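In this note's numbering, the protein residues as written are 490 to 704. C-beta: ideal position from N, C-alpha, C; glycine also. Small disclaimer: the values here were computed from a predicted structure and weren't measured. These notes concern the structure reproduced below.
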């Protein structure tokens, strides 16, 4: 909330987004979809990509010794789960289904070449470790290199290259945007609309509650 208004994205108010997303369908005009995707990109940049870029830039050059891979991978994990919710048209990941959501994301993404075992290790030891213990679990290491592969196993350790993961997620997101511009992607579009409407509805409920408390 800023100056008494709720924003769905930094440059878009709740009232504006209600008008956009409750009048959006899979068959809406390219102009309506362009506006919807501008809002979506503004939201995702503010919540994920801008922060990842700032942290990544700080961890390079003269500040290379300040390894911010942990903070970046935490944002990566949030982003993966968020994107899968959009893909499936879910308000939230169903209880007990987080592991399946991550497995599905890695299996279907062309930007991640994770075997099922590596995908499971990432979910259990990186995502769950960060969420529940604020640290990775098991023999997991994080690197940040333009030269190393996305994942490698060495001396009993599984090393995830956070830069490679971040770059893959940028490409994943841009592919998603392009697919949403395609009117033939009806299911993907419908799921996107469902997810965005759930976000707007939740914000609207908060707005109503806030205004009621002011009376």
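As assigned by DSSP and simplified to three states, the class of residue i
i	result
residue 515	coil
residue 637	coil
residue 683	helix
residue 626	coil
residue 557	coil
residue 650	strand
residue 497	strand
Beta-carbon proximity check, residue i vs residue j, cutoff 7 Å
i	j	result
residue 523	residue 499	no
residue 540	residue 567	no
residue 684	residue 511	no
residue 598	residue 661	yes
residue 687	residue 542	no
residue 629	residue 650	no
residue 682	residue 506	no
residue 594	residue 612	no
residue 578	residue 680	yes
Residue i, buried or exposed, once every other Cβ within 10 Å from all chains shown has been counted against 16
i	result
residue 620	exposed
residue 625	buried
residue 561	buried
residue 589	exposed
residue 691	exposed
residue 616	buried
residue 514	exposed
residue 544	buried
residue 673	exposed
residue 558	buried
residue 715	Any property of residue 715 remains undetermined from this structure, which presents the chain solely from 490 to 704.
residue 663	exposed
residue 509	buried
residue 670	exposed
residue 666	exposed
residue 497	buried
Chain B within 7 Å of residue i, Cβ atoms only
i	result
residue 615	The structure shown contains no chain B; it is built from a single protein chain.
Cβ-heavy atom distance, residue i to the ligand GTP, below 6 Å
i	result
residue 650	The ligand GTP is not part of this structure, which contains no ligands at all.
Should the segment 644-663 be regarded as contacting the segment 620-633, the criterion being three or more beta carbon pairs within less than 8 Å? yes
Inter-stretch contact at 8 Å, needing at least 3 Cβ pairs: the segment 635-644 / the segment 560-573: no
Which runs of the alpha helix (DSSP H) fall wholly inside the segment 568-622 and span at least 4 residues, in chain order? 587-597, 605-610
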